[in-house]
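Reviewing the structure listed below.
2 protein chains.
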Amino acid sequence: MSKESQIKTVEYVDGAARMIDQTRLPTEKVFVDCRSIEEVGNAIKTMIIRGAPAIGVAAAIGVSLGANAIEAEDFDSFYAQLEKKCDALGRSRPTAVNLAWSIDRMKRVARDCKSQSIRQIKNRLQEEAQTILQQDIAANQSMGSFGQTLIEDGSNVMTHCNAGALATAGFGTALGVIRAAVNAGKKINVLANETRPFLQGARLTAWELMEDHIPVKLITDSMAGYFMQKKEVDVVVVGADRIAANGDVANKIGTYMVAILAKNHNIPFYVAAPISTLDLSLASGAEIPIEERSADEVAEINNKRVAPLGAVIAHPAFDVTPNELITAIITDKGIAKPPYTESLKQLAGETAKV
Amino acid sequence: MSKESQIKTVEYVDGAARMIDQTRLPTEKVFVDCRSIEEVGNAIKTMIIRGAPAIGVAAAIGVSLGANAIEAEDFDSFYAQLEKKCDALGRSRPTAVNLAWSIDRMKRVARDCKSQSIRQIKNRLQEEAQTILQQDIAANQSMGSFGQTLIEDGSNVMTHCNAGALATAGFGTALGVIRAAVNAGKKINVLANETRPFLQGARLTAWELMEDHIPVKLITDSMAGYFMQKKEVDVVVVGADRIAANGDVANKIGTYMVAILAKNHNIPFYVAAPISTLDLSLASGAEIPIEERSADEVAEINNKRVAPLGAVIAHPAFDVTPNELITAIITDKGIAKPPYTESLKQLAGETAKV
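Here the protein sequences line up with chains W and V, keeping their order.
Each residue of the first sequence is one higher than the last, beginning at 1 in the numbering used here.
Each residue of the second sequence is one higher than the last, beginning at 1001 in the numbering used here.
Structure below.
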């Protein structure tokens, strides 16, 4: 029922991972073709593409491109080269688990095809990358259907960072829930936090919602509390980069702050993410690696210095929101409620069975 | 005992209000001479000068410049013209009460000199502007002495916006407390929130603390919760633009958010402001006018658009922190503790007696 977003964040076409360059939005709409796994890794590292599910899809295409470039006579030689390339790709960004999840899945497919010809394995990996992309689109639709039931008609929905079409291959996780609510005929107003330092809210979320004619008001992160105090926020929905077994959620820096504010104003706080964002190997969020990015992303805006030269600057790119601040986690397999250790395991198990 | 800051934020010299242009810091250190009350009003409006106490001082100099420019034979004609100029100046920014406080004080001085010659009245107003400036310097020192007793040796102190030398004629309110603690031999590390949209934390607070060799780490506003969660914040000290009789505090947008975060992490939250920032005519913060500034200050950074064209953008420049989130209010007359309705009234009364 839900309409797809028209934004093509990442595609596998003409032997390339074609991406919209997210560092240049909203002023320029430029597409970049990555023709090698190394170029894909670089695009992930420099945030030409970002958003956990989109990174997962891009990585799958990257592994396929990497496989295609390998010249090998036998599987062992092929796989050794593939693994080396995958290791490098896996180091491009540390926090979003979808990257590792996607690479592991592609490697598993390669191993499962061990007895086939190198040509056949390459074809199989190409298919698998397309499957991962298609499954991400479907997962978005599924999250949207489950999640929109939690959003009442007439709601003012706050979101942080960009968990939309630009963060996925489909119509988004958090913004997918919003789009599904809109598609279900509900009147929704979005408050988008600008999300310093990278300004994904200003540059990406505001842009893609405006493209879809969904009302959106842009605010600075520092205004989140103000609008909650004024009762102009009914519900918060954000995405996730990694979810631990206990439901602790790593997401874009500032998410924890928004969750604390929501709790203090009795506002429901929802996380929307596909099961591929779940990392059951980690008992709690304390084990999630937090990427420290370049201080220049804080100190310079539009290539102009806003901080004094020589200033000491911190740039943790993510934070961890403890499970007790999260009202529910919306996944493509259903809605998990506390206690998450049980509910998430159950949803993940249903996935494993599929 | 406390050293003064070497930064001359505003002075009354050579028939002008000389200000450091705060819109061009930290990359350029340029001084601006405002030679008329209208130029002072414009400097306040465009934030060449900002910070409640500094606005108060600049306004006093502005009124003196305005008086000097009046050609009148008798007091009534003189005062009518002065009042008109003062009304326009008073509309330059609405939230900081120091603006109205300073203008009212200058007008009162003019009225008290009614029987004197116009020349004498002009001289008296010039003296009064210098007195207001000197009293602001003294108030900073006094706040520093009182406030530093609340800051333990080895503390990590978070501050929001700029309540430093650049917000006053002296060494600052919140940063004055920090400087006084440093001058008392305490080891202090400051966490400065960058304070979007105008970036006073990045551009001004980090700069002036670095000038004074006080260790400072710059973070985005969205990181405030993260560093509290990591126990890297021991105490918060901020300034104020207006304080209601019940202790509700209007300050730079984002202050309320920081106060909520502090409460949730059991971190003391202090406000430092001179008694001139107190507005006993307002029972609570709900009555404080909140300035809505241009959306362009959110949408454009360094003259480059970061938000899509046509985006709906909010820009409340201040928020109100309710008194129950404030551990104590540090004034130049002493430290007010809850219940503020009593403690603030008492401190204000002592001022009135002086």
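Where is the CB? At the ideal position from N, CA and C, for every residue including glycine.
- For Glu1039/V, the enclosing alpha helix (DSSP H) covers residues 1037 to 1045.
- Looking at the backbone, the Cα of Val1312/V and that of Lys217/W are separated by about 5 Å.
- Considering only beta carbons, no part of the stretch 59 to 71 of chain W lies closer than 8 Å to chain V.
- Between Val1063/V and Cys1086/V, the gap from beta carbon to beta carbon is short of 8 Å.
- For Ile1055/V, the secondary structure class from DSSP, reduced to helix, strand or coil, is helix.
- Listed in chain order, the positions of the stretch 27 to 50 of chain W with a beta carbon within less than 8 Å of a beta carbon of chain V are Thr27.
- Of Gly1239/V, Lys1008/V, Ala1283/V, Glu1152/V, the smallest CA-CA separation from Ile1326/V is found for Gly1239/V.
- Ranked by Cα distance from Gln1229/V, the first of Ile1260/V, Asp1212/V, Glu1127/V is Ile1260/V.
- Contact annotation, Gly285/W with Asp248/W: C-beta distance approximately 3 Å; criterion of less than 8 Å satisfied.
- At a cut-off of 8 Å between beta-carbon atoms, Arg1196/V makes contact with chain W.
- For Phe318/W, the uninterrupted beta strand (DSSP E) run begins and ends at 318 to 321, by DSSP.
- In the DSSP assignment, Asn1264/V falls within the alpha helix (DSSP H) that extends over 1255 to 1264.
- Per DSSP, the beta bridge partners of Tyr1012/V are Ala1017/V.
- At a cut-off of 8 Å, the C-beta of Leu150/W has no neighbouring C-beta in chain V.
- Between Met1158/V and Ala1224/V, the CB-CB gap stays under 8 Å.
- Between Glu1287/V and Ala1250/V, the alpha-carbon positions lie close to 10 Å from each other.
- Among the bridge pairs identified by DSSP, Ile335/W is matched with Ile330/W.
- In this structure the stretch 259 to 279 of chain W does not touch the stretch 292 to 302 of chain W; the number of beta carbon pairs closer than 8 Å is below three.
- When Cβ-Cβ separations below 8 Å define contact, Asp1221/V makes contact with chain W.
- Contact between the stretch 131 to 146 of chain W and the stretch 79 to 97 of chain W is absent, with fewer than three C-beta pairs closer than 8 Å.
- At a cut-off of 8 Å between beta-carbon atoms, Met143/W makes no contact with chain V.
- With a threshold of 8 Å between beta carbons, Gly225/W makes contact with chain V.
- Using beta-carbon distances, Gly164/W does not count as an interface residue toward chain V, since no partner is under 8 Å.
- When secondary structure is reduced to three states using DSSP, Thr1027/V falls in the coil class, being assigned neither helix nor strand.
- DSSP places Arg105/W within a helical segment (H, G or I) once states are collapsed to three.
- DSSP links Glu1292/V through a beta bridge to Pro1316/V.
- With 16 or more other Cβ atoms from the protein chains shown falling within 10 Å of its own Cβ, Pro197/W counts as buried.
- Contiguous beta strand (DSSP E) elements confined to the stretch 172 to 200 of chain W occur at 189 to 193, taking only those with 3 or more residues.
- Annotation for Met1143/V: the continuous alpha helix (DSSP H) segment containing it runs 1118 to 1148.
- When C-alpha distances from Glu1038/V are compared across Val1030/V, Ile1061/V, Arg1024/V, the shortest belongs to Ile1061/V.
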